[in-house]
Amino acid sequence: MNQIKIFSYSAAELEIVWEDTSESLLQAIWLRDHCQMPASRNPDNGQRLLNITDIPETIAIEKVSLEDRRLIVRFKPDGHRSEFDLDWLYDNCYNLNPHSDDRSEVGKILWTGKSFEQGVPRYSYNKFCEQPKSRLAALQVVKDYGFVLLDAVPKKAGELLKVIEQFGFVRETNYGPYFEVQTKIDPSNLAYTNLGLGCHLDNPYRDPVPGIQLLNCLESSTEGGESILQDGFMAAKILRDEDSDHFALLSQNWVNFRFQDSTADLQARAPLIEVNDLDEVIKVRFNNRSIDTIKLPPAIMQQFYAAYRHFAEILERQQQQVVFKLE
22 MNQIKIFSYS
32 AAELEIVWED
42 TSESLLQAIW
52 LRDHCQMPAS
62 RNPDNGQRLL
72 NITDIPETIA
82 IEKVSLEDRR
92 LIVRFKPDGH
102 RSEFDLDWLY
112 DNCYNLNPHS
122 DDRSEVGKIL
132 WTGKSFEQGV
142 PRYSYNKFCE
152 QPKSRLAALQ
162 VVKDYGFVLL
172 DAVPKKAGEL
182 LKVIEQFGFV
192 RETNYGPYFE
202 VQTKIDPSNL
212 AYTNLGLGCH
222 LDNPYRDPVP
232 GIQLLNCLES
242 STEGGESILQ
252 DGFMAAKILR
262 DEDSDHFALL
272 SQNWVNFRFQ
282 DSTADLQARA
292 PLIEVNDLDE
302 VIKVRFNNRS
312 IDTIKLPPAI
322 MQQFYAAYRH
332 FAEILERQQQ
342 QVVFKLE
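Numbering (my numbering), first residue to last: 22 to 348.
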């Protein structure tokens with residue numbers, strides 16, 4: 022529970038010193054725009070009921086008072102009155118609590134091969150389907166680590182659609198809601214061969230890229246066929262730690278990705294490493310098979326390729342990998 026020790030204000034801004042000695046400096050326009058009163062914000066869904074142009078351009082603070090655990094602000098020239106819960110105000114003070122992005126590396130548990138020396142995270146498919154606590158635990162593992170294994174999933178086409186319903190809606194592609202990967206004589210994609218595939222992220226030529234993918238092994242009739250997982254966020258962190266210039270080259274320069282067959286021509290343009298406004302990694306796109314013609318200024322082409330090679334070498338390091346076989 023947060024308490025205000027002292028506050029002062031001018032027409033332009035409100036300054037608060039909290040009991041924990043932290044300080045907030047809040048502008049009049051921000052306070053008015055974030056008014057929580059029913060006339061300004063729908064109490065059921067929290068959505069704003071006014072446009073920024075509805076607020077007087079000359080909005081200013083007229084008076085501030087403290088009543089119980091609510092801060093009362095009266096504005097001029099329109100006389101509007103706002104009430105702010107102290108906990109809400111503390112939690113949303115923009116200088117105390119900059120925004121966070123749980124999609125980024127900061128909201129993940131980064132890992133290497135050693136992280137799973139006792140085994141990769143596994144859950145029973147039946148418990149996943151029937152027990153909410155087990156399902157929640159498995160979903161949390163996906164959020165934190167990026168993957169999970171479900172044991173004893175029925176070996177029949179389309180069964181994985183029942184699993185993905187627990188994550189969200191199925192996004193159909195040019196292949197339909199799901200597709201079967203199998204060796205073909207005349208493949209349109211290297212996934213349909215018995216060739217080993219290097220470390221890659223699937224479908225970087227889609228915009229947006231797939232969020233979550235499910236693989237269900239229906240039949241494994243040959244030697245080999247191991248799955249190799251790599252934490253792209255960890256690889257990006259290692260690259261940044263080893264050479265910040267290389268990291269900048271891959272995060273600041275966009276490249277083309279493309280896939281073509283007789284029925285589709287899919288193209289996207291994006292950086293190999295995507296960061297948010299806090300310079301935190303939120304996406305990694307690495308697919309040597311699907312990267313298209315690289316078109317960058319001549320002045321940086323050589324440096325870009327050095328960074329590209331460096332990142333690829335990190336992804337090939339065995340200590341970064343987790344290896345297992347789907348059966």
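In this text, a Cβ means the ideal position worked out from N, Cα and C, and glycines have one as well. Computed from a predicted structure; not experimentally measured.
Inset, instruction - Quick one: grab the DSSP three-state call for Q323. - result: In this structure, Q323 counts as helix in the three-state DSSP scheme.
Inset, instruction - Would you check if there are 3 or more beta carbon pairs closer than 8 Å linking the region 29–42 to the region 73–88? - result: Judged by pairs of C-beta atoms under 8 Å, the region 29–42 touches the region 73–88, as three or more such pairs exist.
Inset, instruction - Between the Cα of F105 and those of D112, N113, I93, spot the shortest distance and give me the residue it belongs to. - result: The option with the nearest alpha carbon to F105 is I93.
Legend entry - Alpha carbon of F278 to alpha carbon of I315, nearest angstrom: Distance between the alpha carbons of F278 and I315: 9 Å.
Inset, instruction - Over the uninterrupted beta strand (DSSP E) stretch that includes I27, give me the two end residues. - result: Its beta strand (DSSP E) spans residues 25–30.
Inset, instruction - Take S29 as the anchor and find which of P175, P77, L87, I294 has the nearest alpha-carbon. - result: Of the listed residues, the one whose Cα sits closest to S29 is L87.
Legend entry - Contact the region 241–255 vs the region 302–309: 3+ CB pairs below 8 Å: Judged by pairs of C-beta atoms under 8 Å, the region 241–255 touches the region 302–309, as three or more such pairs exist.
Inset, instruction - Mind checking who K177 pairs with in its DSSP beta bridge? - result: For K177, which the question treats as bridged, DSSP gives no partner whatsoever.
Inset, instruction - Check the DSSP bridge columns for Q139 and list the partner residues they point to. - result: According to DSSP, Q139 bridges with nothing at all.
Inset, instruction - Mind checking which residues open and close the beta strand (DSSP E) that includes I82? - result: It spans 81–88 - the beta strand (DSSP E) in which I82 sits, taken as one unbroken run.
Legend entry - Cα-Cα separation between N210 and G246, rounded to whole angstroms: Because the pLDDT at N210 is just 48, under 50, the model does not fix this residue reliably, and the point stays unresolved.
Inset, instruction - Compare the beta carbon distance of I294 and A257 with 7 Å and say whether it is the shorter of the two. - result: Cβ atoms of I294 and A257: closer than 7 Å.
Inset, instruction - Can you tell me which of the three DSSP states T284 falls into? - result: Reduced to three states, the DSSP call for T284 is coil.
Inset, instruction - Report the residue from G140, V174, E44 whose alpha carbon sits nearest the alpha carbon of F345. - result: Comparing alpha carbon positions, the residue from G140, V174, E44 closest to F345 is G140.
Inset, instruction - Could you work out which residue in L218, R261, L235 is closest to V163 when comparing CA atoms only? - result: Nearest C-alpha to V163: L235.
Inset, instruction - Indicate the three-state DSSP secondary structure (helix, strand or coil) for R290 in the structure shown. - result: DSSP places R290 in strand when its eight states are reduced to three.
Inset, instruction - Taking only the alpha-carbon atoms, compute the straight-line gap between Q281 and H221 and give it to the nearest angstrom. - result: Pairing Q281 with H221, the inter-Cα distance amounts to about 18 Å.
Legend entry - Distance CB(L131)-CB(N23) smaller than 7 Å: Contact flag unset, no.
Inset, instruction - Work out the CA separation of A159 and N66 for me, nearest whole Å. - result: Across the structure, N66 and A159 are spaced so that their CA atoms are roughly 29 Å apart.
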